[in-house]
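Protein chains in written order, with our numbering: chain A, 1 to 203; chain B, 204 to 315. Where is the CB? At the ideal position from N, CA and C, for every residue including glycine. Beneath this line is the structure, given in structure tokens, with notes to follow.
Here it is in structure tokens:
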């Protein structure tokens with residue numbers, strides 16, 4: 001069966017719409033570095049509060065990292081249009097980030113919360129943020145990251161103080177550093193191949 | 204790098220009366236499709252995605268703006284000028300109607 005030129009033109013228009021919608025949804029935003037940066041920031045805050053014995057270790061590190069993230073992100077995403085999904089993801093992380101900041105600041109200044117509870121609360125919040133992001137992005141890799149945080153939150157409730165510290169350090173390594181590096185590789189690969197199959201280069 | 208999207212030398216709205224001639228232009232259709240996926244987009248982003256020239260892109264965006272399908276806003280972000288475009292409700296409706304008309308015209312040939 002042959003296709004008339006008019007029919008072919010209409011098909012081309014339909015194909016153009018599909019191609020452009022796919023192009024529009026494909027962003028080149030990179031967020032893997034923020035996971036690595038915040039993972040390092042947690043390690044710095046832990047080391048500072050442990051060996052420096054300072055109540056300001058967490059708030060100062062979190063504020064510094066927050067400012068750094070904001071400055072770098074605004075430069076990187078300056079020319080990217082905002083999508084509904086992008087705004088939803090930003091809303092989750094801004095909301096959870098603010099909750100974490102208020103909690104860490106209050107907990108470290110008050111000094112009335114034991115380490116197990118502190119780790120459980122932080123890990124549960126990070127698990128929630130990763131899980132919601134993964135469901136929005138339909139990205140199983142990030143859901144695995146959420147499971148790591150949730151498992152850490154649960155384990156911390158049944159641990160001693162020193163065990164809870166180790167659990168937190170391991171969770172940061174896998175949930176922030178390893179996942180962040182994996183995300184950066186995924187983003188680079190998808191930018192190279194111009195595909196958006198995983199949540200790394202989000203739709 | 205995407206293929207440059209250029210306007211055809213002669214559009215044929217007379218042969219395709221059901222299709223909105225403003226949207227039927229290739230570049231204008233590409234622009235509306237792109238804008239349907241984002242809240243707002245910068246001129247430079249649209250230019251990169253369509254691989255078109257400044258003059259052609261500006262002219263086609265003006266036609267869409269005159270038809271009320273897109274809205275333009277100029278602002279300064281960190282002292283740099285930005286020209287932002289977003290799709291209006293009537294633009295979204297017009298694109299939806301256009302796709303419906305295309306599907307009706309193609310009928311069973313759509314999956315051939």
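Which whole-angstrom value describes the C-beta separation of residue 181/A and residue 36/A, a residue pair presumed to lie in contact below a C-beta threshold of 8 Å?
-> 6 Å
With residue 308/B and residue 10/A assumed to form a contact (beta carbons below 8 Å), what rounded beta-carbon distance in angstroms separates them?
-> 6 Å
Specify the secondary structure class of residue 272/B as computed by DSSP and reduced to three states.
-> coil
Relative to chain A, which residues along the stretch 241-264 of chain B have a C-beta separation below 7 Å, given in chain order?
-> 241, 242, 243, 244, 245, 247, 248, 252
Note down, in chain order, all residues in the stretch 10-30 of chain A with a beta-carbon under 7 Å from any beta-carbon belonging to chain B.
-> 10, 11, 13, 14, 16, 17, 20, 21, 23, 24, 25
Only counting runs of 4 or more residues, tell me where the alpha helix (DSSP H) segments fall wholly within the stretch 12-69 of chain A, in order along the chain.
-> Counting only unbroken stretches of 4 or more residues, the alpha helix (DSSP H) elements lying wholly within the stretch 12-69 of chain A are 32-51, in sequence order.
Near residue 152/A, what residues of its chain come up, given a Cβ to Cβ distance below 6 Å and the 5 sequence neighbours on each side ignored?
-> 123, 167, 171
Tell me, please, whether the CB atom of residue 233/B is closer than 7 Å to any CB atom in chain A?
-> Judged by the 7 Å Cβ criterion, residue 233/B is in contact with chain A.
Helix, strand or coil for residue 81/A, going by three-state DSSP, please let me know.
-> coil
Taking 7 Å as the cut-off, decide whether the C-beta atoms of residue 273/B and residue 83/A are in contact.
-> no
Is the beta carbon of residue 66/A less than 7 Å from the beta carbon of residue 183/A?
-> No, the pair does not count as a contact, with Cβ atoms beyond the cut-off.
Interface residues of the stretch 293-312 of chain B facing chain A [CB-CB below 7 Å] | Going along the stretch 293-312 of chain B in chain order, one finds 302, 305, 308, 309, 312 with a Cβ nearer than 7 Å to chain A.
When the Cα atoms are used, what is the spatial distance from residue 38/A to residue 179/A?
-> 12 Å
Beta-carbon proximity list for residue 125/A, same chain, < 8 Å, skipping 5 on both sides = 96, 99, 100, 103
Chain A within 7 Å of residue 237/B, Cβ atoms only | Between residue 237/B and chain A, the shortest Cβ-Cβ separation is below 7 Å.
Hey, would you say residue 164/A sits closer than 7 Å to residue 156/A, going by beta carbons?
-> yes
Fully enclosed by the stretch 88-156 of chain A, which beta strand (DSSP E) runs are 3 residues long or longer?
-> none
Sequence-distant residues of its chain with Cβ nearer than 7 Å to residue 295/B (five each side left out) = 239
Taking buried to mean at least 16 other C-beta atoms within 10 Å of its own C-beta, is residue 265/B buried or exposed?
-> exposed
For residue 204/B, which residues of its own chain have a beta-carbon under 6 Å away from its beta-carbon, when the five flanking residues on both sides are left out?
-> Caution applies to residue 204/B, whose pLDDT of 49 falls short of 50 and renders its modelled position unreliable; the model cannot decide the point.
Kindly indicate which residue of 290/B, 279/B, 259/B has the alpha-carbon position closest to the one of residue 271/B.
-> 290/B
For residue 44/A, I'd like the list of residues in its chain whose CB is within less than 7 Å of its CB, leaving aside the five on either flank, ordered along the chain.
-> 61
Consult DSSP for residue 240/B and reduce its assignment to one of helix, strand or coil.
-> Coil, per DSSP.
Give a yes or no on whether 7 Å exceeds the smallest Cβ distance from residue 81/A to chain B.
-> yes
Could you spell out where the beta strand (DSSP E) holding residue 303/B opens and where it closes?
-> Unbroken run through residue 303/B is the alpha helix (DSSP H), 292-309; no beta strand (DSSP E).
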